[in-house]
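In my numbering, the protein residues as written are 43 to 393. Cβ atoms here follow ideal geometry from the backbone N, Cα and C, with glycine treated the same way. Only a predicted model underlies this, so the values are computations on that prediction, with no experimental measurement involved. The block underneath contains the structure these notes are about, expressed in structure tokens.
Okay, structure coming up:
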């Protein structure tokens, strides 16, 4: 389906965008992949990175489009001739959104509406919007803006009227090893020689999803979505304390308290959502509960309605990663801290 198609990624210079570029050219033969973002410096870095990674023929299919999702006119120009849009652009840092609420609303909410309008009017076939666990029962502004964004994209399937544009959402939490993950933070502290890591709460748990798994879920949404779905991967959980142990054998931990806007566990599916959630082999789909949504037309076959009252969160998951599992996963991601310099430092002090 993605062969000979034109694909645009908003916020495409981030961790997800770079992995998406890598995987789309590895698995498909798109006619054009457009990176739409507002930072020309990051675009230049991505351009240099993939000049070395891709063949010349593949690299010539990459396009770099400077623009902001707040700018509807620029989106209209960028979406001309585009078949599929992946919307990854957002203000994501919780403290930045709290301190700059108007800016977060302009990007995450008004930007989402601009994407919807441009996609419908330019005849885009499908739009997949990236969401976050923080949009579920939000307790901070970032989560609140993403909840509104999700609602806009789901309802856009009715808003499009007689047009054929299909909208769906893919939801996952912090991706392992990405800039928003705790893993680079822990690794930097360890490589600086720290023996003690700050843990906000010793009970804290998170889901484990890699960039590759996140991109695979987007591919599934692009291939299968019929309009209105929210896709959630079946993934394992881990304890933050176990992650610290996996990164440093003799680690000491200091419980510093949960930060403002932070949750003890990640929640992906609420009990209220369970009434319209179906389980598939490797993922769940939350279907909308609207009059316009036609189950026969929009439902993806092969799913089983989950039990009412089911809640999918990282604390009640049935699949868990042990310390050893985490250590292996970190090694696969090349995220094991380099402690050789720290050891030399300690040895020099002893001498």
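If we ignore side chains and look at the alpha-carbon of each, how far apart do residue i and residue j end up?
i	j	result
residue 114	residue 349	42 Å
residue 225	residue 77	27 Å
residue 283	residue 83	37 Å
residue 298	residue 90	40 Å
residue 190	residue 139	14 Å
residue 106	residue 57	16 Å
residue 391	residue 373	In this prediction, residue 391 scores a pLDDT of 41, lower than 50, which makes its location untrustworthy; no coordinate-derived value is stated.
residue 342	residue 263	11 Å
residue 46	residue 72	5 Å
residue 358	residue 228	25 Å
residue 70	residue 166	19 Å
residue 163	residue 178	30 Å
residue 120	residue 281	42 Å
residue 127	residue 200	18 Å
residue 184	residue 176	7 Å
residue 313	residue 307	15 Å
residue 387	residue 239	Residue placement at residue 387 cannot be trusted, given a pLDDT of 46 that sits under 50; what the coordinates show is reported in the next sentence. Looking at the two C-alpha atoms, the distance is approximately 19 Å.
residue 141	residue 147	12 Å
residue 85	residue 103	15 Å
residue 315	residue 322	16 Å
residue 202	residue 67	30 Å
residue 265	residue 324	15 Å
residue 337	residue 377	44 Å
residue 48	residue 101	14 Å
residue 88	residue 60	7 Å
residue 232	residue 96	34 Å
Do you know whose CA, among the options, lies nearest residue i's CA?
i	options	result
residue 317	307, 330, 309 and 64	330
residue 395	109, 110 and 370	As displayed, the chain neither begins before 43 nor continues past 393, which places residue 395 out of reach and without an answer.
residue 311	167, 170 and 214	214
residue 398	296, 179 and 335	Past the edges of the chain, shown from 43 to 393, lies residue 398, and the structure says nothing about it.
residue 279	252, 351, 229 and 363	363
residue 221	306, 205 and 135	135
residue 111	133, 206 and 104	133
residue 261	203, 85 and 211	211
residue 257	93, 155 and 218	218
residue 273	295, 328 and 238	328
residue 355	63, 126, 174 and 144	174
residue 255	152, 65 and 48	65
residue 54	69, 95, 80 and 70	80
residue 44	75, 61 and 60	75
residue 294	123, 237, 179 and 127	237
residue 116	252, 308 and 52	52
residue 291	93, 92, 365 and 187	365
residue 375	253, 200 and 235	253
residue 207	339, 286, 158 and 86	158
residue 271	323, 146 and 332	332
residue 351	202, 320 and 88	320
residue 161	309, 118, 251 and 242	118
residue 223	315, 286 and 88	286
residue 242	304, 368 and 88	304
residue 151	137, 123 and 188	188
residue 360	149, 204, 209 and 277	277
residue 209	368, 340 and 309	340
Taking buried to mean at least 16 other C-beta atoms within 10 Å of its own C-beta, is residue i buried or exposed?
i	result
residue 344	exposed
residue 98	exposed
residue 380	exposed
residue 181	exposed
residue 275	buried
residue 50	buried
residue 108	exposed
residue 246	buried
residue 156	buried
residue 346	exposed
residue 186	buried
residue 296	exposed
residue 130	buried
residue 326	buried
residue 153	buried
residue 94	exposed
residue 125	buried
residue 230	exposed
residue 144	exposed
Is any heavy atom in the ligand NAP found nearer than 6 Å to the beta carbon of residue i?
i	result
residue 176	The ligand content of the structure shown is nil, which means the ligand NAP is not present either.
Entirely within the stretch 109-133 and at least 3 residues each: give me those beta strand (DSSP E) ranges in chain order.
For the stretch 109-133, whole beta strand (DSSP E) runs of length 3 or above, ordered along the chain, are 126-129.
How about the stretch 157-174 and the stretch 183-202: do they share at least three Cβ pairs that are nearer than 8 Å?
As far as the Cβ criterion goes, the stretch 157-174 touches the stretch 183-202, which means the pair count is three or higher.
I'd like the ranges of any beta strand (DSSP E) spanning at least 3 consecutive residues and lying wholly in the stretch 61-98.
Correct list: 74-79.
Can you list the alpha helix (DSSP H) stretches of 4 or more residues lying completely in the stretch 215-283, in chain order?
Those alpha helix (DSSP H) runs which fall completely within the stretch 215-283 and span 4+ residues are 224-233 and 253-266.
If we require 3 or more residues per run, which beta strand (DSSP E) segments fall completely within the stretch 158-185?
Fully enclosed beta strand (DSSP E) runs of 3 or longer: 168-173.
Every unbroken alpha helix (DSSP H) within the stretch 323-350, with a cutoff of 4 residues, ordered by chain
You should have 337-340.
When you compare the stretch 232-251 with the stretch 290-309, are there three or more beta-carbon pairs, one atom per stretch, that lie closer than 8 Å?
Flag = yes, the stretch 232-251 and the stretch 290-309 touch.
4 or more residues per run - each alpha helix (DSSP H) lying fully within the stretch 350-374
Counting whole runs of 4 or more residues, the stretch 350-374 contains the alpha helix (DSSP H) stretches 365-374.
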